[in-house]
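The next block holds one structure in the form of structure tokens; read it before the comments.
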Amino acid sequence: MPAREPILNVPRAVTLSAGAMIAMQLLLSVLPLQTGLTVFLSLAMIPARYTGAAAEFPGGYISAVSSFVTYMVVHGGWLHLTVNVFWMLAFGTAVARRVSTAAFFQFSIICGIVGALTHLVLHWGEVSPMVGASAAISGQMAAALRFIFFARGGPQGQVPDFTHVPLATLSETLKDGRVMGFVVFWLVLNAYFGLSGASFGTGPESEIAWEAHVGGFVSGLLIFGYFDAVRPNPGPSQLR
């Protein structure tokens, strides 16, 4: 008798990422208020650290370096976390099935760092903390756009095989109307929520850092080809 497929067949890299974010949110929920705030600010990306004031913020100079990565694990609340987890399940899962666990983390961290740098440049000197994995997940989404629209469905309406479809070139991706339609919709949505001041909560850390999303997205679109493990079968011209 064939084994049953699990209802949620989530790659290990995505499970570990979601688990780390949930564990951090749980930790911050149970810590005393002042301790939790100190931990939160130590992990968050705070542009004002880089104006010579790093020592005045929790974490000091160590956090001035480490927060480029640690800010991705912290979120502005359970709603913010939930949205990001579901977003990662949708796009990160497709990406994680094409690369190793280590490559998934490396790729996501790079996208997150680019997102943080984008936010830092455009919000230089601001004291409001930025948190969340949205920039990294935006990079995952961009990577997925280079293959999900190019996969063919299986027999009897089965889900397309995203795992083995060759990665589209940047030119092919940007010329595809479905991809560009999705990108335009996503950019407009991000700009609207970002410029309107919409947030996932009441504090400044809950505001949507849409510029970081764009930075993560652009980097993901550009660099995923260096991480993708799927290679097309050589055609006749390649065999010569």
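Number 177 in full-length UniProt numbering belongs to position 177 of the sequence shown; there are no gaps in the numbering. Each residue gets a CB set at the ideal place from its N, CA and C atoms; glycine is no exception.
- Return helix, strand or coil for M45, following the three-state DSSP convention. strand
- Check whether the Cβ atoms of M72 and G112 lie closer than 8 Å to each other. Remark: C-beta atoms of M72 and G112 approach each other more closely than 8 Å.
- Since I137 and N190 are thought to touch, with beta carbons under 8 Å apart, how far apart are those beta carbons, to the nearest angstrom? Contact doesn't hold; Cβ gap of about 12 Å is too wide.
- Query: Does the distance from the CB of I109 to the CB of V69 come in under 8 Å?
  - Reply: yes
- Pull up the distance between the alpha-carbon of V39 and that of A116, whole angstroms please. 19 Å
- Same chain only: Cβ atoms within 7 Å of F147, ignoring 5 sequence neighbours per side: These residues qualify, in order along the chain: F162, V165, L167 and A168.
- Message: On the CB-based measure, 16 or more other CB atoms within 10 Å of its CB, does M88 come out buried or exposed?
- Response: buried
- Between residue 243 and T82, is the Cβ-Cβ spacing less than 8 Å? It is not possible to answer for residue 243, since the shown part of the chain is limited to 1 through 240.
- Item | Candidates L28, V114 and I46: closest to L222 by CA position | Cα-wise, what sits closest to L222 is V114.
- Query: Looking at the unbroken alpha helix (DSSP H) that takes in A23, where does it start and where does it end?
  - Reply: R12 to V30
- Query: When every heavy atom of the ligand GDP is checked, does at least one fall within less than 7 Å of the C-beta of L120?
  - Reply: With respect to small molecules bound, the structure shown includes none, and the ligand GDP cannot be examined in it.
- Quick one: what's got a C-beta closer than 7 Å to F149's C-beta in the same chain, skipping five residues either side? Listed in chain order, the non-local C-beta contacts of F149 below 7 Å within the same chain comprise D176, R178 and V179, local neighbours out to five positions each way being set aside.
- Message: What residue range does the alpha helix (DSSP H) around A90 cover?
- Response: For A90, the enclosing alpha helix (DSSP H) stretches over residues W78 to A96.
- Note the first and the last residue of the continuous alpha helix (DSSP H) segment covering T163. Per DSSP, T163 belongs to no alpha helix (DSSP H) and is neither H nor E.
- Task: Please look up how many angstroms separate the CB atoms of S63 and S42, rounded, as I've assumed it's under 8 Å.
- Result: 5 Å
- Thinking C-beta only, is V131 closer than 8 Å to V183? no
- Thinking just about the alpha-carbon of each residue, which of A151, V14 and A18 is nearest to the one in T173? Of the candidates A151, V14 and A18, the residue whose Cα lies closest to the Cα of T173 is A151.
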